[in-house]
Every structure is written in C-alpha cells, then in structure tokens.
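Going down the list, the protein sequences come from chains A and B.
Quick note, the first sequence lines up with residues 1 to 356 if you use my numbering.
Quick note, the second sequence lines up with residues 1001 to 1356 if you use my numbering.
Quick notes on the structure that follows.
2 protein chains.
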Amino acid sequence: MQSFNLKNYQIILGDDEIWGVVRNILTRGTPYSKVMILVDENTKQDCLPKFLEQVDYKDFEVIEIKSGEEHKTIETCVKIWQAMGKCGADRKSALFNLGGGVIGDMGGFCAGTFKRGIDFYQIPTTLLSQVDASVGGKLGIDFEGIKNNVGLFLDPKAVYIYPPFLKSLPERELRSGFAEIIKHALIADYGMWEQMQAIKKLKQVNWRALIPPSLRIKQRIVEQDPYEKGIRKILNFGHTIGHAVESYSHSSQLPLRHGEAIAVGMICEAYLSNKTFVLPRVAVRRITAFILHHFDKYPFPKDAVEDMIYIMKQDKKNVGGSINFSLLKEEGVAVYDQTCTEDLIREALLYYCDLL
Amino acid sequence: MQSFNLKNYQIILGDDEIWGVVRNILTRGTPYSKVMILVDENTKQDCLPKFLEQVDYKDFEVIEIKSGEEHKTIETCVKIWQAMGKCGADRKSALFNLGGGVIGDMGGFCAGTFKRGIDFYQIPTTLLSQVDASVGGKLGIDFEGIKNNVGLFLDPKAVYIYPPFLKSLPERELRSGFAEIIKHALIADYGMWEQMQAIKKLKQVNWRALIPPSLRIKQRIVEQDPYEKGIRKILNFGHTIGHAVESYSHSSQLPLRHGEAIAVGMICEAYLSNKTFVLPRVAVRRITAFILHHFDKYPFPKDAVEDMIYIMKQDKKNVGGSINFSLLKEEGVAVYDQTCTEDLIREALLYYCDLL
Chain A
1 MQSFNLKNYQ IILGDDEIWG VVRNILTRGT PYSKVMILVD ENTKQDCLPK
51 FLEQVDYKDF EVIEIKSGEE HKTIETCVKI WQAMGKCGAD RKSALFNLGG
101 GVIGDMGGFC AGTFKRGIDF YQIPTTLLSQ VDASVGGKLG IDFEGIKNNV
151 GLFLDPKAVY IYPPFLKSLP ERELRSGFAE IIKHALIADY GMWEQMQAIK
201 KLKQVNWRAL IPPSLRIKQR IVEQDPYEKG IRKILNFGHT IGHAVESYSH
251 SSQLPLRHGE AIAVGMICEA YLSNKTFVLP RVAVRRITAF ILHHFDKYPF
301 PKDAVEDMIY IMKQDKKNVG GSINFSLLKE EGVAVYDQTC TEDLIREALL
351 YYCDLL
Chain B
1001 MQSFNLKNYQ IILGDDEIWG VVRNILTRGT PYSKVMILVD ENTKQDCLPK
1051 FLEQVDYKDF EVIEIKSGEE HKTIETCVKI WQAMGKCGAD RKSALFNLGG
1101 GVIGDMGGFC AGTFKRGIDF YQIPTTLLSQ VDASVGGKLG IDFEGIKNNV
1151 GLFLDPKAVY IYPPFLKSLP ERELRSGFAE IIKHALIADY GMWEQMQAIK
1201 KLKQVNWRAL IPPSLRIKQR IVEQDPYEKG IRKILNFGHT IGHAVESYSH
1251 SSQLPLRHGE AIAVGMICEA YLSNKTFVLP RVAVRRITAF ILHHFDKYPF
1301 PKDAVEDMIY IMKQDKKNVG GSINFSLLKE EGVAVYDQTC TEDLIREALL
1351 YYCDLL
C-alpha cells in the first residue's frame, strides 16, 4: 500500500488492503448517518461486488446512473440529489464515487453541493481517473455543450486507487488513460518520457508501477496552484485542441474518448509549440511518432477544422476572447498562457490531417 | 462609510460614496473581461438605475430573473448560467447580485459554479439580506420543496450595503428583516435586546444605526465557525419551526415572508427553551409580547401542526433522524444541538395557536 499525502487529503494506492482502510473509516470514530455509493451500469457490475464484499459494511445505499459523458448533465445531478434526499441523507452522510471521470466529477459536484456539501470519497476505476481526474479537486458537469462548464474546486476526503479494477477495462479505455500519462511526462518529467519510449504494447505495461510517478506529477502541480491561476494550466497541454476534437467527434460518426482526443491535441499542440515557441522539430517528430504508435489516427475531414476552431473559442480557459494554450518549451518542460492565431491553429490541425 | 473586515472580504456600508468604491474596482487594476448584474423585476426598477448612474461603468450585462422564493430553483440557475454563457462570460468575469436573499443566494451559487467559480459581489437591497443573508457565505437554492437544499459555502469578493435602498421597500418586507435583527439580539446581545424594547413602530427606526450591531453579531459568529459545525448553529434559533411554518404557509392561502415565519418560530422555540431548558417564563412572555407587537399573529389551523412536523423532519440541520434546535439559555445567550420530542414540538405550536 502506498500513500500520497496532499494538503487536505490522502491518496491511497494498493491491492485488497485498501478496503480495510475504507472499512475502518466507516466503522470507527463518528459513523456517517448514511453511506451512499454512486455507480453506473458498468461499475455496478464490474466493481461494486468487489467493493461490497471487501468493505463488508451494511446499509450502503447504491445510486445508479447511466454511464457516458452524455449523461454528465444537470439533469443527472437532479436525479442524484433526488436519490440522496429520498434515501434520507443529511449533512453527516457521505458519498463514495465508484467509477471513472464522469462519476467522480459529477458525484463530487453533487456531494459538494448537497445540503451545502457532504463528505465524498473518490474510488476511480479507470486508468484515466486513477492517474488524473481523481486528483486536484476539479468537479463538474457539462453544460450547453461545453465540458465542465458548471462545477467547483473541492477536495474529496480521500482517494482510493485499486489497480486491479483496470483488468476489467477494454483496451481502448486503458489507451485513453495512457494519453494523460504521456502528457504528465511531456510537461514535467523528461526522464519518465525517455523511459516510456520502451513501451511498445499497452498490454505489457505494469500499471501499478506507472501510476505513481504520474500521480506525483499531477499532485506536485495542483498543490502549487489549486485554483489554476498559473502553473496548473500546464496540465492543459493538448487540451485546447483536444477538447475541441473531442466535442466535434461526439457529433460525428466516430466519437472519441477523452484521452484519444487529447492524443490528437498533443500532436497538434506539439506542432504549435515548434511554430510559436522553441520546441525543436525533432521533438515534434518523436512525440508524433510515439502517439501514433499507440493511437490510431483520427480521420476527421478537413472542413471539420472550422467547427473545431469555433468550439475552441468557447473554451473556459480563454480570457477576453483569445484562445489560450499550454505549450512545450522542450520535452519535459511546459509553459502556459500562450496564444496562437487562428491561422496557425488551422495549420496545426491540417498538419495532423496530413500525417500518414 | 463604515467597513467591516471579515477574513476573506469586506462589508462596506454607506451612502452614495460606496458606489465610488465599486467604480474603482471595475476601472482600476486588472479589469474584468465582463461584468454582469443579476436583478429581478423589482430591483431592476427600484435599484438598478441608481447603481448604473452612480457606478458609471459601460458594458454591464444585465441578467433578469423573476422575483420570489418560488423561482429559487435549479431551473432558474440553468437560465442564469445560459445567460452568462450567452453574453460571453469567462473565468475572469464577475457577477454583481443586486437584490434580496433570493438573488444573493442563487446568484452567488451560479457565480460560484460557473466555470468552477467566478468573482461575485453582493449588493443586498432588502433589510433581511442587508443584516443577514449577505454575510456568511451561505449560497444555494431550494430543491424538492426543501429550502437551500442544494448550495455551497463560498464568500463573495465584497458586500456593499446601501441603506437608502430600504426606502423603496414595503413595510412588510422591512418587518421580515426586522425578525433577524431580533434574533441576533436574542442569541448574542442582551444589551441590544434591552435597547430594542424601545422600538414601538418600525417606521421610526433608524436602520442606518441598527444594521451595524446586527451585522457585527452575525460576523462574529460566522467567522468563528464558517461551516456551521458548532457555534454558528445558534443562528438557527427560530428557524427549525420557522422554516416549517414558512414551507407550510407557501402551500396555504397566506404565504409568509421568511422573517414573518421566523417570528412565529422564535415564539415557539422560546417556549421550547423554557420547557426543555432554563429560559425563564418571564423571558418567554417578553419575547412573545415583543414579537406579537410587531408581527400579526399567523392564524394557522391546528391540524397544520402535523404537516409542519413532517416538514421539520426533512430539515438539513437534522442528523440521523432527530429534529435539531438552537434554543435560548437566557435572553442574549443561545445553545445549539438541542433536540426535542415531537410531542413537545406539537405543544409549542399549540402554545402559539392559542395566543390571543
């Protein structure tokens, strides 16, 4: 068992022994008046039985929602708040969010606002949420087609990371999480990036070993700047274009997962990093090659570029109308608050389009 | 101009000079990318012209919602978030809430969650919000018939209190705010309570003088315990029964304002304070007499008592099923985390019913 001590809470990573920690919280000291678990149909089947068996606590109230980003809405929040009220939750109740980023972000938001805030715990079950979404206190929902447009910064009471949950994930889901691991290395740890070059097949990766350094990078950055006023923005590398690609893809025949879209975004933004900044061409090539080795190329039509630029203009990272980027100065070093012209963004997307 | 320095923000009370302070914020330093004002049809007519003329800043975006507690809902939040998005607000935008408790609570909640939180300023325009709601960071909306069931604790950037706004208020609205002033004195300041005995007619009160001591009581309490884990609960004196009376009244022929319901609640809870605790009978009589001097008796039928008790059981101050009260030990001293039996609560409501 490994623990990471953040300012306001702990992240605990381990095998079956972590359930004993959860059991202790629920049975010692002042018990919660009601303990709820938020799941979707997938985690209800793949993760909840393990949780219930291992934690061995009576009286859980299970709240189930539908999986998928398209349900990360205020309407689903209304259902969650209603379910909490119906099962008699009060201010001394707690919610465990058992699932990926959607469950964690939305469950955290609902807990953080139910009766002005009750305790919540994150149990991320996807690679993406284990290395990224569960750390840093960003909670929220999509609104009016804009991702995380309504939300909060609020820390959970604890995060429990159980890598065996990854075994039930489809490879595509693992790959999505892998994109954020690549990003963490690229923005903050050249040594890790170098080592990752040895990864040829995701099936052979020892996640138990790759999660901690990635978590540590995220932790270090968010603790320096919890409210994203400065340095935390470097975590948005790949995300300005990536979010636009992701939004666009959801209205197309081929919807992308978050990490798949960020993989596209990182290639485009590496290109921008070379054009507007000092990232060497050789680095752009290496980043492009590594990502395309692991991620199928996303075949969007050239006329989708204008749609994507329109979406970027709505991004909440923008300030006063210009499109904001975090770019690479070199592999392992990022800079934030960079702006690019629309023409250059167009060029970067076309660079991706023209890749073999 | 008078200022109260709280830990995270300032409350500024004064006449026209306070608008210069607002103007400075908007024109000096880093200006906001967009400045929005939330109003309802009443404050749009009675307060907005003064604000716009005095602050003399271009480019305000006015967002208007319908007045009244019945609109303090998630549906109205959706409209406010939409309006914010439509006018191009980003993370560096700000919202001014120009109105009473509904505008302040709901506008603060929307600002605190829009793009995970933008700056907001409270400009309370009713007596109730000037002495109470605007201080202490409680934000939220009603949900499923329960007041403030969804919300946040979050401080504004500043609060501007302009007593001349009170001139446009109907007397009934003033009386509603007066109830919270009575409460502040009863729970924390015997001297103030004594002095208030001289008040015979609300029309003759000098609010400019009565607001500061009331604000100071609220400030002192919320700063000791911002998240209502302990001492802050004393502010709930009169509110357990008061909220139930208020909710009940909204489904009756004679809907009460918040303060009017709290006035009923304070009489009933003074009765409980005597029955379960040490508050002398003479104090119950004095409290009853003072309140009935200023507030018409609310004529609810005896069979409404069960409805009210049902509503109390839903209160978010409850923990693990029992009904929670803050009661008076003596005039000017309150205690929290008291519970009463349903029978006694029934008795207290019937005591009120039987008053002449």
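Backbone N, C-alpha and C fix where the C-beta goes; we use that ideal spot for every residue, glycine too.
Keep in mind that this is a model prediction, so the values were computed, not measured.
query                                                                                                                                                                                           : result
Name, going along the chain, the residues of the stretch 100-117 of chain A whose beta-carbon falls closer than 9 Å to a beta-carbon of chain B.                                                : F109, C110, G112, T113, F114, K115, R116 and G117
Tell me which residues of the stretch 1059-1089 of chain B have at least one Cβ-Cβ distance to chain C shorter than 7 Å, keeping chain order.                                                   : The structure shown contains no chain C; its protein chains are A and B.
Just to confirm, are L1350/B and L1272/B a CB contact at a threshold of 8 Å?                                                                                                                    : no
Kindly give me the distance between the Cβ atoms of M84/A and F51/A, rounded to whole angstroms, as I take these residues to be in contact under 8 Å.                                           : That pair is no contact at about 19 Å.
When burial is assigned at 16 or more other CB atoms within 10 Å of the CB, is N24/A buried or exposed?                                                                                         : exposed
Which of the three DSSP states is assigned to D46/A in this structure?                                                                                                                          : helix
Listed from N- to C-terminal order along the chain, which residues in the stretch 1144-1171 of chain B have their beta-carbon within a distance smaller than 8 Å of any beta-carbon of chain A? : E1144, I1146, N1148, N1149, V1150, G1151, L1152 and F1153
For F1143/B, tell me which candidate among Q1314/B, L1186/B and D1225/B has the shortest Cα-Cα distance.                                                                                        : Q1314/B
Any Cβ of chain A within less than 8 Å of the Cβ of K1200/B?                                                                                                                                    : no
G332/A and L186/A look like a contact to me (Cβ under 8 Å); what is the Cβ gap, rounded to whole Å?                                                                                             : 7 Å
Return the CA-CA distance between V222/A and G136/A, expressed in angstroms with no decimal places.                                                                                             : 6 Å
Would you say G1444/B reaches chain A, if we count a Cβ-Cβ gap shorter than 8 Å as a contact?                                                                                                   : Residue 1444/B lies beyond the stretch modelled for chain B, which goes from 1001 to 1356, so this question has no answer here.
By Cβ distance below 7 Å, which residues in the same chain neighbour P1255/B in space, the five residues on each side in sequence not counted?                                                  : S1249
Between the Cα of Q1054/B and the Cα atoms of R1208/B, L1128/B and V1021/B, which residue gives the shortest distance?                                                                          : V1021/B
With the cut-off set at 8 Å, would you say I267/A and I291/A are in Cβ contact?                                                                                                                 : yes
Whose C-beta lies closer than 7 Å to the C-beta of V205/A among residues of the same chain, with five residues either side of it excluded?                                                      : I199
Under 7 Å Cβ to Cβ from L6/A, same chain only, skipping five residues before and after it: list those, please.                                                                                  : Q219 and E223
Are the CB atoms of V39/A and Y57/A within a distance shorter than 8 Å?                                                                                                                         : no
By how many angstroms is the C-alpha of F1004/B removed from the C-alpha of Y1121/B?                                                                                                            : 15 Å
Would you mind reading off the limits of the alpha helix (DSSP H) that contains A348/A?                                                                                                         : E342 to C353
Whole angstroms is fine: what's the gap from T1276/B's alpha carbon to Q1082/B's?                                                                                                               : 50 Å
Can you name the residues that DSSP bridges to A1334/B?                                                                                                                                         : L1328/B
Short of 7 Å in beta carbon distance, which residues of its chain neighbour K329/A, apart from the five on each side in sequence? Order them along the chain.                                   : F277, V278, L279 and V335
Residues of chain A with CB under 8 Å from G1259/B, in chain order?                                                                                                                             : Going along chain A, no residue has its Cβ under 8 Å from G1259/B, so there is no contact; the nearest lies around 21 Å.
Using a cut-off of 7 Å between C-beta atoms, extract the partners of G1140/B located in chain A.                                                                                                : R116
For T1030/B, does the three-state DSSP call read helix, strand or coil?                                                                                                                         : coil
Expressed to the nearest angstrom, what Euclidean distance is found between the alpha-carbon atoms of K1203/B and I1011/B?                                                                      : 25 Å
Exposed or buried, S326/A, counting other C-beta atoms within 10 Å across all chains shown (16 or more means buried)?                                                                           : buried
Between the alpha carbons of I1141/B and V1264/B, how many angstroms are there, rounded?                                                                                                        : 23 Å
Kindly provide the ranges of any beta strand (DSSP E) runs that are 3 or more residues long and lie completely inside the stretch 140-182 of chain A, ordered along the chain.                  : 146-153 and 158-161
Roughly how many angstroms lie between the CA atoms of F1178/B and S1134/B, to the nearest whole one?                                                                                           : 15 Å
From the DSSP output, which residues share a beta bridge with G1099/B?                                                                                                                          : P1124/B
What would DSSP say about I65/A, mapped onto helix, strand or coil?                                                                                                                             : strand
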